[in-house]
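Okay, so here's the structure we're looking at.
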Amino acid sequence: MAYHEIKRSTVDNKTAALWQYLAKKTSAELQGLAGSESTTALTATRDAARFQGAVMNFMYLLASTGTDNSKGCLNTADSGNNPVKGHTALAKAHTSCAIDFTDVTAVPVPAKLMGPKGATITTKSGGDAGTIADGATACNINSVQSTWKMVNGNTGAQPTVAPSIGGNIFTVDTSGLKMEDLTNLSTKGNSHPFIHGHHKATLQLNTPKTQFSEIKVETLGKDSDFQAAARYYLLGKNPTDSSGDANLQSKINEHYTNSVTLKAIVETAVDSETIPKELTGNGTQQNLGSITDAGQLLKIYLHYHNVNIAALNNRIEKLQEESTKIQTPKTAEDKQKLCDKHHASQTNSDAKDFCTYDKTESTDKKCKYNATKATANGAPVTQAQTSVATTASDRCIKHKDKANCEKENDGLAAGAKAHFRWIEDKCKDSIFFLNKKLALIAGAFVSLVIF
1 MAYHEIKRST VDNKTAALWQ YLAKKTSAEL QGLAGSESTT ALTATRDAAR
51 FQGAVMNFMY LLASTGTDNS KGCLNTADSG NNPVKGHTAL AKAHTSCAID
101 FTDVTAVPVP AKLMGPKGAT ITTKSGGDAG TIADGATACN INSVQSTWKM
151 VNGNTGAQPT VAPSIGGNIF TVDTSGLKME DLTNLSTKGN SHPFIHGHHK
201 ATLQLNTPKT QFSEIKVETL GKDSDFQAAA RYYLLGKNPT DSSGDANLQS
251 KINEHYTNSV TLKAIVETAV DSETIPKELT GNGTQQNLGS ITDAGQLLKI
301 YLHYHNVNIA ALNNRIEKLQ EESTKIQTPK TAEDKQKLCD KHHASQTNSD
351 AKDFCTYDKT ESTDKKCKYN ATKATANGAP VTQAQTSVAT TASDRCIKHK
401 DKANCEKEND GLAAGAKAHF RWIEDKCKDS IFFLNKKLAL IAGAFVSLVI
451 F
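According to our numbering, the sequence shown holds residues 1 to 451 in order.
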C-alpha cells in the first residue's frame, strides 16, 4: 500500500494490474483472519496442545518409574536393560520426547505423525503388551489386570469403560498395557477425544489458508481475481467483460514474460524503494523492504497519500482556472469575437446578452458587441434585439445632440412623462431616472439610521 501511494503518479498499466490483484488477495486474507479462519486456527492449536500435554504427562510418568536396580517402564534403547530415570534422561535418550518451550516462529512445520485418516506411525494398527514392550511386561504400569490394582484388584474383571492413557494412545486389557488401533480416528471423537481432536487440528492447520503462495505467469490468466484487473489494465475493457478472455493469457505473457519479471515488479522494486529519513523511525534513510513496523508503514502510506491528494487538488484548481479563462472573455474585443459568429443570424445575435443586430451594416458586421445591453446599469438585458435601436437604451445612446434626443418624446400624450431628456450633454432614458430615484430613496432611509 505504501509503495502504491509512492508510485501512484508514475505506475504503468502492467504494474497497476498486479497491485490491484495483490490488494484483492490481501483483503481476502485479512477478512479471513478477522472471520472464521482465526477461530479455526486457535481451536486447532488448543486441541493439538491438549493432546501433546496428555502424551507428555504420561511419558513423564513412565520416565519417573526408573530405578537404580534396572527396573522401570521406559528403556533408553529398543533392547537391553537400561531404564530411563526421570524426564531429563528421557529427553536425552529420546530427543523427540523433549518438550519444546521456545517461542513459536512463523516457519511452518507440518505434522509428520498424522495422515488424512489417522496416525502414520509404524504401530498404528495397535498391539498388545508383548508386542509394544518387546515381551517385557513386568513394568508396574505395564502389568496385567490380575496384579494391577487400578483395574479392579485381583479379580481380573473387565472395567465397564476401558482406561485410555497417554492422550488416548494406550489402554489396558487382560494382557496389560496395549496400544489402540489408530488407523482411523475420524469416528473416535467421543471415545478418544484427545487424539481425535489432535488429528482434526492437524488436517485443518496443514491445509494452506493463504490466498496465494507464489505468483506464476502461466497461471495468472486462470485466476479470477487477476482476470478482472487484466481486462481493465491490459485489454482496456470493463473488469466484468469476458469477451476478450481468449487473448488474456497471451497478453499476460507479453507484458510479464516470466516469473522473474513478476518478482521484479512485486518484490524487488518494493523492497529497494528508498524512504527518506524524515519518514523512518530511526531518523536514517532506509529501504522500504527493511521496514516491518506496521505503524511506521502506515505513517509512510498516509504521508504519500496526502501528498497525492494535494497534487490532485492543485491540478483541479489549475484546470478550473484554465476553464474559466476559456469560458469568460476578458475584454470587449473578446466579446466582439463571439458576436462575429452570428452575422448571418439575427435570432442567434438577439439570444446573446451582449450582442446587437444592425441590419444596416454589411454582411460581416451586422452582429456587434453592445456594452449597454450587456450591463444596463449593472443589470443584464435579455430582451431580443431586432435592430441597432430597438430598446430605449439603444435609441437613447445613439443620439449625440439635444434635438434628436428630445425628438424621441414625439407622440406622447399631453401631460405624459418624457422618456428621454438631455442632461449633462447626454441623452438619458427613463431607466436612468428610475435608478437615480431609487438611489435617493435608499439614501433617505440610510440617513435615518443612527450608527
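Backbone N, C-alpha and C define an ideal beta-carbon position, used for all residues, glycine too.
Secondary structure of residue i, DSSP reduced to three states
i, result
"GLN383", "Residue placement at GLN383 is poorly supported in this model, since its pLDDT is 38, which falls under 50; the coordinates still yield a value, given next. If DSSP states are grouped into helix, strand and coil, GLN383 belongs with coil."
"VAL172", "strand"
"ALA77", "coil"
"ASN57", "helix"
"THR147", "A caution first: THR147 carries a pLDDT of 48, below 50, which makes its placement in the model too unreliable to give a value."
"GLY2", "Inspection of the sequence shows that residue 2 is occupied by Ala rather than by Gly. Correct three-state label for ALA2: helix."
"SER164", "strand"
"ASN238", "coil"
"GLN249", "helix"
"ALA106", "coil"
"THR452", "Because the chain here runs from 1 to 451, residue 452 falls outside it and cannot be looked at."
"ALA119", "strand"
"GLN286", "strand"
8 Å Cβ cutoff met for residue i and residue j
i, j, result
"ALA49", "LEU90", "no"
"LYS14", "LEU234", "yes"
"ASP121", "TYR304", "One point to set straight first is that residue 121 is Ile, not Asp, in the sequence displayed. The answer is no: Cβ separation not under 8 Å."
"HIS192", "SER164", "yes"
"ALA229", "ALA17", "yes"
"THR65", "ALA93", "no"
"ASP225", "TYR3", "no"
"ILE215", "VAL270", "no"
"LEU205", "ALA41", "yes"
"MET1", "TYR301", "yes"
Close Cβ partners of residue i (< 8 Å) along its chain, the five nearest in sequence each way excluded
i, result
"LYS124", "GLY118, ASP181, LEU182 and THR183"
"ASN247", "LEU235"
"PRO116", "LEU203"
"PHE170", "PHE58, SER164, LEU177, LYS178, MET179 and GLU180"
"ASN308", "GLU5, ARG8 and SER9"
Same chain, Cβ closer than 6 Å to residue i, neighbours up to 5 away in sequence not counted
i, result
"LEU312", "none"
"SER9", "none"
"HIS87", "TYR60 and ALA63"
"PRO239", "ALA228, ARG231 and TYR232"
"SER259", "LYS216 and VAL217"
"TRP19", "HIS4"
Chain-order list of residues whose beta-carbon lies under 7 Å from that of residue i (same chain, five-residue window excluded)
i, result
"ASN332", "The amino acid occupying residue 332 in the given sequence is Ala; Asn does not appear at that position. Result list for ALA332: TYR369 and ALA371, in chain order."
"HIS196", "LEU185, LYS188 and GLY189"
"ASP293", "GLY281"
"PHE194", "ARG50, PHE51, ALA54, GLY167 and ASN168"
"PRO276", "GLN285"
"LYS44", "Here residue 44 turns out to be Ala, not Lys, going by the sequence shown. Excluding residues within five positions, the ones whose Cβ falls inside 7 Å are ALA201, GLN204 and LEU205."
"ASN348", "HIS342"
"ALA379", "Here ALA379 scores only 38 on pLDDT, less than 50, and its place in the model is too uncertain to base an answer on."
"LYS437", "Confidence in LYS437 is poor, its pLDDT being 48 and thus under 50, which makes the residue's placement unreliable; the coordinate value appears in the next sentence. Answer for LYS437: no residue qualifies."
"CYS97", "MET59, LEU90 and ALA91"
"THR102", "none"
Top-ranked residue by Cα proximity to residue i, from the options
i, options, result
"LEU279", "LEU297, ALA264 and TRP19", "LEU297"
"GLY221", "PHE194, SER250, GLN204 and ILE195", "SER250"
"SER79", "GLY86, GLU254 and SER70", "SER70"
"ASP353", "HIS342, GLU361 and THR363", "HIS342"
"SER38", "ALA201, PHE170 and ASP401", "ALA201"
"GLY127", "TYR60, SER224, MET179 and MET1", "MET179"
"ALA264", "ASN306, ASN308, VAL217 and ASP225", "VAL217"
"ASP364", "ALA351, ASP350, LYS337 and ARG46", "LYS337"
"TYR60", "THR45, VAL84, ALA44 and ASN306", "VAL84"
"ASN81", "VAL161, HIS94 and THR67", "THR67"
"SER243", "GLU254, ARG231 and SER259", "ARG231"
"ASP223", "ASP245, ASN238 and ASP100", "ASP245"
"ILE99", "PHE58, GLU322, SER349 and VAL107", "PHE58"
"LYS335", "GLN346, THR356 and LYS318", "THR356"
"CYS73", "GLY295, LEU177, SER27 and ASP47", "LEU177"
"VAL351", "CYS339, GLY35 and ASN253", "With the sequence shown as reference, residue 351 is identified as Ala, and Val is not the correct amino acid for it. It is CYS339."
"LEU262", "VAL172, THR219 and GLY295", "THR219"
Any C-beta of chain B under 8 Å from that of residue i
i, result
"THR183", "No chain B is part of this structure, which consists of one protein chain only."
Next item on the list: Output the residue ranges of the beta strand (DSSP E) runs that lie fully inside the stretch 290–368 and measure 3 residues or longer, sorted by chain position.
Entry: If we require 3 residues or more, the beta strand (DSSP E) runs fully inside the stretch 290–368 come out as 355–357.
Margin query: Suppose only complete runs of 3+ residues qualify. What are the beta strand (DSSP E) ranges in the stretch 173–208, listed by chain order?
Written below: Under the rule that a run must span 3 or more residues, the beta strand (DSSP E) segments found entirely inside the stretch 173–208 read 176–179.
Next item on the list: Enumerate, from N- to C-terminal direction, the unbroken alpha helix (DSSP H) stretches of 4 or more residues contained entirely within the stretch 18–71.
Entry: Scanning the stretch 18–71 from its first residue to its last, the whole alpha helix (DSSP H) runs of 4-plus residues come out as 36–63.
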